[in-house]
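Listed in order, the protein sequences are those of chains A and B.
At position 357 of the first sequence (counting the first as 1) the number is 357 in the working numbering, and the numbers step up by one without a gap.
At position 309 of the second sequence (counting the first as 1) the number is 716 in the working numbering, and the numbers step up by one without a gap.
Even glycine gets a Cβ: it sits at the ideal position worked out from N, Cα and C.
The model shown is predicted, which means the values in this text are computed figures rather than measured ones.
Below is one structure; the comments refer to it alone.
There are 2 protein chains.
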Amino acid sequence: MIRANPHYQKLNTDYLFSEIAQRIQAFQARRPDTALIHLGLGDVTGPLPAACIRALHAAVDELSCRDGFRGYGPEQGYGFLREAIAQHDFRVRGAPICADEIFISEGTKVDIGNIQALFATDLRVAIPDPVYPVYVDTNVMAGRTGPATGGRYSGLSYLPCTAANGFVPEIPDTPVDLIYLCSPNNPTGVALRREQLQAWVDHARAHQALILFDAAYEAFIRDSSLPHSIYEIPGAREVAIEFRSYSKTAGFTGVRCAYTVVPKDCIVRHLDGTPASAHALWRRRHQTRSNGVSYFAQRAAQALYTPEGRRQARALCDQYLANARTLRTGFQQLGLPCTGGEHSPYVWIDTGQDAWAFFDLLLDQAGIVCTPGSGFGRCGQRHIRLSAFNSAENTAEALERIAQVLA
Amino acid sequence: MIRANPHYQKLNTDYLFSEIAQRIQAFQARRPDTALIHLGLGDVTGPLPAACIRALHAAVDELSCRDGFRGYGPEQGYGFLREAIAQHDFRVRGAPICADEIFISEGTKVDIGNIQALFATDLRVAIPDPVYPVYVDTNVMAGRTGPATGGRYSGLSYLPCTAANGFVPEIPDTPVDLIYLCSPNNPTGVALRREQLQAWVDHARAHQALILFDAAYEAFIRDSSLPHSIYEIPGAREVAIEFRSYSKTAGFTGVRCAYTVVPKDCIVRHLDGTPASAHALWRRRHQTRSNGVSYFAQRAAQALYTPEGRRQARALCDQYLANARTLRTGFQQLGLPCTGGEHSPYVWIDTGQDAWAFFDLLLDQAGIVCTPGSGFGRCGQRHIRLSAFNSAENTAEALERIAQVLA
């Protein structure tokens with residue numbers, strides 16, 4: 001008899017963004033004439049940088065003739081892209097990362113979901129609350145938790161991020177084995193400072209733990225004292241894996257290209273305590289279960305490391321950051337406490353009421369889609385996340401509509 | 408302490424194709440002036456069909472302006488592609504499949520690896536021998552096997568495919584829960600006939616088992632009596648999941664686009680025997696762990712369903728099939744028994760000696776790269792797989808060089 005993975009039954013609701021999509025669909029059926037403004041899903045609104053468009057056309061032309069044709073690429077991704085990444089994303093910032101420690105992939109969501117399968121199932125896992133729900137859900141699917149009660153799964157160590165601690169996850173009293181960190185955080189927008197990250201690296205080294213560092217939003221950092229990569233922190237190479245994405249930073253959500261860094265001296269342990277190479281494990285998984293990323297996407301990503309591409313991608317991020325500032329300032333004037341929006345495209349707002357109720361209020365009364373904070377963890381049950389991925393005009397109009405509803 | 412997934416230690420050698428790549432590299436270092444001919448890896452040699460090239464350029468242009476820009480696509484893939492698939496790959500063949508039962512993905516390798524995670528870990532799994540090694544390796548990683556001895560993992564039910572049974576997997580005496588079938592088979596090239604597939608479907612229904620049907624090579628079938636899809640077989644919708652790929656059939660190995668069909672009435676069971684929907688489980692996984700496939704790739708795949716695209720893709724397959732016939736005929740004349748090469752780009756050759764020894768002989772003496780059959784299972788330890796993915800000229804020259812060595 002073909003039996004299902006029993007852990008899927010613990011996932012008692014649909015994926016957050018699917019639930020939102022369903023409520024939107026129901027609203028549009030009721031009110032087909034309302035022009036919605038979407039500040040919910042973290043999806044970019046484009047267009048792609050011109051440097052990428054040129055690279056994409058050139059790559060398509062290459063594949064149109066036998067001489068230029070490329071089939072399967074190298075396992076970890078093309079050298080032209082991995083070299084550019086190692087140089088521009090790491091070495092210029094003093095982070096000692098080599099091209100052969102980089103694995104090109106189709107998305108951080110995919111890699112974050114896959115990486116946990118390299119580890120034993122009976123680990124103690126620490127996850128910030130609130131945070132991107134994929135960290136929790138993929139550990140539930142893998143059987144690392146018991147059932148959920150009151151929005152939390154038994155067996156996970158949640159790291160509450162609230163106004164009381166400045167939304168910075170604190171090092172737990174009882175040791176953990178696997179630690180998820182996201183900086184700048186999705187959804188709070190808070191970026192970890194160097195000394196905060198150093199404390200986590202030191203803790204991981206002291207307890208033979210491993211940090212999974214999600215830096216998908218690093219391109220939005222505008223304070224030069226803040227680290228972009230965990231490998232800017234001494235000692236991180238042995239205890240951290242880092243995830244990067246072009247989705248939000250260059251408008252690649254429809255292009256699909258990201259990467260994961262697994263340093264060659266990053267250590268995990270066999271049952272008997274002998275060291276194993278996390279790099280070798282990930283490479284083995286990659287070989288067996290992936291055929292890499294489209295040639296087009298890798299050429300488009302490479303173009304982001306030219307002077308023109310860097311300027312265009314930064315301009316894209318700056319537009320979104322300007323929207324984020326608009327939202328943050330607007331909500332502060334409405335008297336609602338906010339974080340984020342400075343080094344992040346997200347603004348995290350304390351609504352003072354139930355998150356889904358506030359979601360329904362904004363949708364029904366203002367035609368605005370936000371993301372209920374409860375989807376990111378129990379600490380978000382009074383919060384919403386607003387996304388700056390929109391035009392300046394739509395952002396301003398959204399704020400106006402919201403102000404009328406809340407007045 | 409961060410502990411590794413203990414099952415990875417059971418994978419005692421590198422992934423087959425990586426091992427081959429290493430031997431090639433060593434040979435080229437010794438003999439840099441030999442022009443190798445690659446009949447090993449199943450990678451196409453292009454170029455892409457002109458209809459796809461046009462669709463790709465158009466899609467890139469759309470993403471270059473705000474009005475045409477597309478970010479994240481629909482979860483299961485764009486409707487334009489799923490509708491075309493349902494119509495042209497299934498309904499015209501009498502296979503009752505709907506667009507919303509299709510999940511677009513970046514590759515069959517990825518989906519085949521991921522699908523097993525929907526199921527319990529203590530299932531009895533049946534896998535043909537020889538076959539694509541990803542079926543075995545992903546079940547090893549998931550902990551469904553014990554250690555390997557003599558090239559076989561304990562806990563798996565191997566289905567030997569040899570000259571004695573016409574290379575057709577036979578229904579096992581003891582019941583199994585999860586059954587992998589590949590038709591036309593990689594590496595033997597043998598395609599299952601309708602009554603053979605019907606017997607498997609009947610068996611799965613009788614024992615509440617599930618069939619994972621890998622049809623990545625269906626476009627090479629030229630005998631109109633052979634089924635292309637398992638859903639041409641009555642009763643299959645409840646007990647089968649099918650995998651399709653554009654990699655080999657349209658030269659998409661560098662484009663990355665494939666799909667998986669999970670019918671809405673395909674049933675798995677909870678621990679207590681109550682039915683669960685395989686479709687719902689896969690959708691939940693897809694939502695949580697994937698962001699889909701690039702917009703470009705989906706437009707390119709759509710172009711394959713136009714009259715022009717279909718003609719061009721078929722012509723590509725016909726070229727490879729002509730090479731396959733050349734190889735098959737050539738080896739038969741050399742006195743070595745062969746299968747495949749009729750409805751498949753692969754020819755499976757009984758060398759009468761150790762597969763890796765024959766691999767080294769062809770590499771060292773003829774500068775020809777093949778794939779040792781032992782990489783596909785113990786039944787392949789005397790075989791090699793030759794791939795027709797090459798030009799007619801290279802194929803003819805390869806055969807000439809081999810004939811000289813074997814003379």
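How should residue i be labelled, buried or exposed, when 16 other C-beta atoms within 10 angstroms of its C-beta is the threshold for buried?
{"i": "phenylalanine 80 of chain A", "result": "exposed"}
{"i": "glycine 784 of chain B", "result": "buried"}
{"i": "proline 32 of chain A", "result": "exposed"}
{"i": "cysteine 65 of chain A", "result": "exposed"}
{"i": "alanine 297 of chain A", "result": "buried"}
{"i": "proline 779 of chain B", "result": "buried"}
{"i": "glutamate 807 of chain B", "result": "exposed"}
{"i": "valine 812 of chain B", "result": "exposed"}
{"i": "glutamine 87 of chain A", "result": "exposed"}
{"i": "serine 391 of chain A", "result": "exposed"}
{"i": "serine 632 of chain B", "result": "exposed"}
{"i": "threonine 656 of chain B", "result": "buried"}
Identify the residues that DSSP records as bridge partners of residue i: which are they?
{"i": "threonine 339 of chain A", "result": "A:Trp348"}
{"i": "proline 649 of chain B", "result": "The question names proline, yet the displayed sequence has glutamate at residue 649 of chain B. DSSP output for glutamate 649 of chain B lists B:Phe620, B:Val668 as bridge partner(s)."}
{"i": "valine 675 of chain B", "result": "B:Ala683"}
{"i": "proline 567 of chain B", "result": "B:Asp536"}
{"i": "isoleucine 509 of chain B", "result": "B:Val668"}
{"i": "glutamine 589 of chain B", "result": "Checking the sequence, you will find cysteine at residue 589 of chain B rather than glutamine. Note: cysteine 589 of chain B sits in a beta bridge opposite B:Asp621."}
{"i": "phenylalanine 526 of chain B", "result": "A:Ala4"}
{"i": "arginine 559 of chain B", "result": "B:Thr556"}
{"i": "arginine 792 of chain B", "result": "B:Trp755, B:Thr778"}
{"i": "isoleucine 171 of chain A", "result": "In the DSSP output, where bridge partners are listed per residue, isoleucine 171 of chain A has none listed."}
{"i": "histidine 38 of chain A", "result": "A:Val369"}
Would you call the CB atoms of residue i and residue j closer than 8 Å?
{"i": "serine 781 of chain B", "j": "leucine 448 of chain B", "result": "no"}
{"i": "glycine 189 of chain A", "j": "glycine 330 of chain A", "result": "no"}
{"i": "leucine 118 of chain A", "j": "arginine 285 of chain A", "result": "yes"}
{"i": "cysteine 459 of chain B", "j": "leucine 711 of chain B", "result": "yes"}
{"i": "glycine 235 of chain A", "j": "aspartate 265 of chain A", "result": "no"}
{"i": "valine 134 of chain A", "j": "threonine 695 of chain B", "result": "yes"}
{"i": "proline 128 of chain A", "j": "leucine 159 of chain A", "result": "yes"}
{"i": "isoleucine 115 of chain A", "j": "leucine 212 of chain A", "result": "yes"}
{"i": "arginine 256 of chain A", "j": "valine 700 of chain B", "result": "yes"}
{"i": "isoleucine 444 of chain B", "j": "isoleucine 775 of chain B", "result": "yes"}
{"i": "serine 751 of chain B", "j": "phenylalanine 659 of chain B", "result": "no"}
{"i": "alanine 527 of chain B", "j": "alanine 403 of chain A", "result": "no"}
{"i": "arginine 531 of chain B", "j": "valine 451 of chain B", "result": "no"}
{"i": "alanine 313 of chain A", "j": "proline 130 of chain A", "result": "no"}
{"i": "lysine 10 of chain A", "j": "alanine 142 of chain A", "result": "no"}
{"i": "threonine 802 of chain B", "j": "threonine 758 of chain B", "result": "no"}
{"i": "arginine 676 of chain B", "j": "glutamine 615 of chain B", "result": "yes"}
Looking only at its chain, what residues have a beta carbon closer than 7 Å to the beta carbon of residue i, apart from the 5 residues adjacent to it on each side?
{"i": "valine 262 of chain A", "result": "Glu101, Phe103, Ile241, Ala278, His279, Trp282"}
{"i": "threonine 339 of chain A", "result": "Phe167, Thr188, Gly189, Val190, Trp348"}
{"i": "asparagine 291 of chain A", "result": "Tyr72"}
{"i": "glutamate 715 of chain B", "result": "Ala458"}
Which residues in the same chain as residue i place their Cβ atom closer than 8 Å to its Cβ, once the five residues preceding and following it in sequence are excluded?
{"i": "arginine 477 of chain B", "result": "Glu469, Leu470, Tyr702"}
{"i": "leucine 768 of chain B", "result": "Val812"}
By Cβ distance, which residues of its chain are closer than 6 Å to residue i, with the 5 residues on each side in sequence left out?
{"i": "arginine 651 of chain B", "result": "Ala622, Tyr666"}
{"i": "alanine 502 of chain B", "result": "Ser636, Tyr638, Glu639"}
{"i": "leucine 599 of chain B", "result": "Ser590"}
{"i": "arginine 489 of chain B", "result": "Ala506, Ile509"}
Using a Cβ cut-off of 7 Å, which residues of the segment 92-111 of chain A contact any Cβ in chain B, in chain order? Within the segment 92-111 of chain A, the residues whose Cβ lies closer than 7 Å to any Cβ of chain B are, in chain order, Glu106, Gly107, Lys109, Val110.
If you measure beta-carbon to beta-carbon, which residues of the segment 282-302 of chain A are closer than 8 Å to chain B? Arg284, Arg285, Gln287, Thr288, Arg289, Ser290, Asn291, Gly292, Val293, Ser294, Tyr295, Phe296, Ala297
With 7 Å as the limit, tell me which residues of the segment 517-533 of chain B have their beta carbon closer than that to any beta carbon of chain A; keep them in chain order. Listed in sequence order: Val517, Gly520, Ala524, Leu525, Phe526, Ala527, Leu530.
Using a Cβ-Cβ cut-off of less than 9 Å, list which residues of the segment 583-617 of chain B approach chain A; keep chain order. Asp584, Leu585, Ala611, His614, Gln615, Ala616, Leu617
What residues in the segment 27-49 of chain A have a beta carbon less than 8 Å from any beta carbon of chain B? Leu41, Asp43, Val44, Thr45, Gly46, Pro47, Leu48
Closer than 7 Å, Cβ to Cβ, to anything on chain A: give me those residues from the segment 466-480 of chain B, in chain order. Of all residues in the segment 466-480 of chain B, only Val467, Leu470, Ser471, Cys472, Arg473, Phe476, Arg477, Gly478, Tyr479, Gly480 come within less than 7 Å of chain A when Cβ atoms are compared, listed by chain position.
Residues of the segment 660-678 of chain B in Cβ contact with chain A at a cutoff of 9 Å, in chain order, please. Residues of the segment 660-678 of chain B that bring their beta carbon within less than 9 Å of a beta carbon in chain A comprise Thr660, Gly661, Val662, Arg663, Cys664, Ile674, Val675, Arg676, His677, Leu678, in sequence order.
What residues from the segment 309-330 of chain A come within 7 Å of chain B, judged by C-beta to C-beta, listed N to C? none
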